[in-house]
Amino acid sequence: MSVKANYNIETPLLWLARKLVGDDNVKFMESPSHYVPPMAIFMDPAQIARLEADMMAAANVPLPDEDEDL
């Protein structure tokens with residue numbers, strides 16, 4: 247295995263996967279060479295407002311004073 251050259255870097259991982267699954271025929275699939283754009287997430291404005299309100303409420307919660315051990 248050569249990490250610098252990325253030569254046989256998957257071999258120990260493949261061995262581990264085969265042992266964990268208990269199947270000596272496990273194979274790694276090649277990753278796709280094409281770009282897959284991230285999925286768009288659509289949220290309604292009411293849900294966004296609720297999440298922003300939750301974030302503001304969480305930001306205003308006082309943290310406990312843990313300086314007792316000093």
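Okay, so the sequence shown: first residue is 247 according to our numbering, each after it adds one. Even glycine gets a Cβ: it sits at the ideal position worked out from N, Cα and C. If you're wondering where the values come from, they're calculated on a predicted model, not measured in any experiment.
In this structure, the alpha-carbon of residue 295 lies about 11 Å from that of residue 302. DSSP lists no bridge partner for residue 281. Sequence-distant partners of residue 260 (beyond 5 residues in either direction) whose C-beta falls short of 8 Å from its own C-beta, in its chain, are 272, 273 and 274. Within the same chain, and ignoring the five residues on either side of residue 298 in sequence, no residue has its Cβ closer than 8 Å to its Cβ.
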